[in-house]
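Residue numbers (this note's numbering): 28 to 210. All C-beta atoms in this analysis are idealised placements derived from N, C-alpha and C, irrespective of residue type, glycine included. All remarks here apply to the structure that follows.
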Amino acid sequence: MAVLLELMQDSIARFTHTLALLTDITKLQDSFRETAAPVAVAPLIEAVRLDLASLQQQVGGQLRVDVAATPTITFAEKNLRSVLYNLLSNAFKYHDPTRPAQVTVRSRVETEYVVLEVQDNGLGLDLSGEYQLFGLFRRYHTHVEGSGVGLHMVKKLVENGGGKIEVASMLGQGSTFSIYFPR
28 MAVLLELMQD SIARFTHTLA LLTDITKLQD SFRETAAPVA VAPLIEAVRL DLASLQQQVG
88 GQLRVDVAAT PTITFAEKNL RSVLYNLLSN AFKYHDPTRP AQVTVRSRVE TEYVVLEVQD
148 NGLGLDLSGE YQLFGLFRRY HTHVEGSGVG LHMVKKLVEN GGGKIEVASM LGQGSTFSIY
208 FPR
């Protein structure tokens with residue numbers, strides 16, 4: 028009887044988790060209606076860093092920020108915060124345990140875009156296969172808790188704001204996510 032009860036509780040927990048993920052996806056659809064406005068980038072990054080302070084400390088991570096080239100980005104603030112939160116939390120979560128996590132956020136201006144980059148020295152990703160990095164419920168590293176929804180949400184938020192996202196990565200060396208916001 029105890030085994031049956033445990034199986035039922037596990038099933039309920041999985042169902043509850045799935046509902047929570049579907050709720051997040053529904054919220055994502057609602058966020059497409061957010062209004063773009065100039066957002067001060069450095070204070071927003073600092074707010075996200077404070078939210079992630081425990082994780083950053085846990086992995087002995089450092090965050091360097093150089094956004095002087097683009098002190099503001101025109102985007103829905105709530106959505107920009109979600110993008111930064113997901114990318115920075117991933118950068119710290121997927122650190123290489125053999126070295127301290129080093130994460131850098133920097134910006135630059137291109138002809139048509141303001142570009143924000145999040146670079147880490149973490150585990151890196153093998154992007155050579157058919158695996159869809161931004162696909163829903165897709166995960167490259169399963170040793171860390173995650174749902175496979177974060178990068179999907181990031182891509183959708185950026186694209187629906189008129190931008191694009193690119194990634195460069197090497198296994199064992201880290202990843203760089205480049206987010207292009209229209210000027």
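Opening and closing residue of the alpha helix (DSSP H) in which residue i lies
i	result
residue 81	80-85
residue 186	177-187
Residue burial classification, residue i (beta-carbon count within 10 angstroms, cutoff 16)
i	result
residue 110	buried
residue 182	buried
residue 189	exposed
residue 199	exposed
residue 202	buried
residue 180	buried
residue 134	buried
residue 87	exposed
Residue(s) in a DSSP beta bridge with residue i
i	result
residue 203	146 and 195
residue 66	100
Simplified DSSP assignment, three categories, for residue i
i	result
residue 49	Because residue 49 sits at a pLDDT of 49, beneath the cut-off of 50, its placement in the model cannot be relied upon, and the following sentence gives the value as read from the coordinates. Residue state, collapsed to three classes: helix.
Please list the segments of the alpha helix (DSSP H) lying wholly inside the region 73-161, counting only runs of 4 or more residues, in order along the chain.
-> Taken in chain order, the complete alpha helix (DSSP H) segments of 4 or more residues contained in the region 73-161 are 80-85 and 104-120.
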